[in-house]
Structures are given as structure tokens and as C-alpha cells.
Amino acid sequence: MNQPTLLTSQIRDVVFGKDVKVVQPVNLYDCSIGDNCFIGPFVEIQSNAIVGNRTRVQSHSFICDGVTIGEDCFIGHGVMFINDVFSGGGPAGDRNAWKKTIIGNGVSIGSNATLLPVSICDGVVIGAGAVVTKDIQEKGIYAGNPARLLRRL
Numbered sequence: 001m002n003q004p005t006l007l008t009s010q011i012r013d014v015v016f017g018k019d020v021k022v023v024q025p026v027n028l029y030d031c032s033i034g035d036n037c038f039i040g041p042f043v044e045i046q047s048n049a050i051v052g053n054r055t056r057v058q059s060h061s062f063i064c065d066g067v068t069i070g071e072d073c074f075i076g077h078g079v080m081f082i083n084d085v086f087s088g089g090g091p092a093g094d095r096n097a098w099k100k101t102i103i104g105n106g107v108s109i110g111s112n113a114t115l116l117p118v119s120i121c122d123g124v125v126i127g128a129g130a131v132v133t134k135d136i137q138e139k140g141i142y143a144g145n146p147a148r149l150l151r152r153l
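The sequence shown begins at 1 in this note's numbering and counts up one residue at a time.
Next up, the structure:
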């Protein structure tokens, strides 16, 4: 009978700020997490990701390589960031093909939102379940698939 290779979740080579709270199990590696952050259970934060000061990341969220999240942000449950848009019809074998996402300060992202590689300005609210496919350059509330401006703030 074949036996699987068992891997465990881990926290490896993370730069933590002061007073960070992490609820295990998590997979955090080669990333940076600012002061006074909260990281919920079942979260994965990959290499080269940055989470700014006083940001909360709720359970079951995935922050991939190349994502930068500003300060005072809220990332809801099950939020997914994407860095590979499968431009060649499948997964990019070369990480140089991956794209970056930049989230401004004071951004709130609702549960189960999906963000393709985009840039989002400060003070934006993304509704639950939204799919963000384009840069957001105006403060407001965005929702839907694809996400669109519902109301300016």
C-alpha cells in the first residue's frame, strides 16, 4: 500500500512586527507582517507578500506571492488573491510571469472576494463575493462580477 508524503503547515522565515496575533494552523513563509496585525486560522501568506500595520486577515484567505496590502486594512474570510492569470492557457511555469497586486491603506475586502492582479487606492470597500478584475483608482464601494462602483465615498 502506498503512503502519502505528509506535510505540515508552518511559519517559516517571516518578518513579524510588534504585537502580531496568529491563530494556527497557518502557512506563512518568506513574507512580512506589520505591527498589531491579526492573522486568522487556515490562512496562507506566500513569499514576497507584505501585510501592513494594523491589518486583519480573517480565516481561509490566500495571499499569494507579490501581494502588498496597506495599513489598517480588513481582509474578510476566504478572500483569494491571484498572481497568475494563465495568459498562456495554463499555469505559468516561470514566476517572472506572475503579476503583482497593490492594496492601499484603509481598504476593506468582503468575504469570498477574488482579486486578480490589480492596484486599489486607499479607502475602498470591496463587497463580499466580488471579483476585482481592473485597477480601482477612486474611493468607493465596489461589488459584483466583475466588480463595479456602486457608490462613491
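Heads up, the beta-carbon is just placed ideally off N, CA and C, and yes, glycines get one too.
Because the structure is a prediction, the values reported are computed rather than measured.
Query	Result
For the segment 15-50, list the beta strand (DSSP E) runs that are entirely contained and at least 3 residues long, ordered along the chain.	27-29
With a threshold of 16 other CB atoms inside 10 Å of the CB of Ser87, please say whether the residue is buried or exposed.	exposed
Provide the residue span of the beta strand (DSSP E) that contains Val67, from first to last.	67-69
Leaving out five residues before and five after Gln137 in sequence, what residues of the same chain have Cβ atoms less than 6 Å from its Cβ?	Cys121
Taking 8 Å as the cut-off, decide whether the C-beta atoms of Gly52 and Gly66 are in contact.	no
So, with DSSP's three-state summary, where would you put Arg95?	helix
Just confirm the distance between the C-beta atoms of Tyr142 and Ala128, as a whole number of angstroms; I'd bet it's less than 8 Å.	In fact, because the Cβ distance is near 11 Å, the residues do not count as touching under 8 Å.
Pick out whichever of Ile82, Gln10, Asp72 has its Cα sitting closest to the Cα of Phe42.	Gln10
By how many angstroms is the C-alpha of Val132 removed from the C-alpha of Ile154?	In the structure as shown, the chain starts at 1 and stops at 153, and residue 154 therefore has no counterpart that could be examined.
Going by beta carbon distance, what residues of the same chain come within less than 6 Å of Ile102, once the five residues before and after it are set aside?	Thr68, Ser119
Smallest Cα separation from Arg151: which of Lys99, Val124, Val23, Val14?	Val124
When you compare only the Cα positions, how much space is there between Lys18 and Gln3?	41 Å
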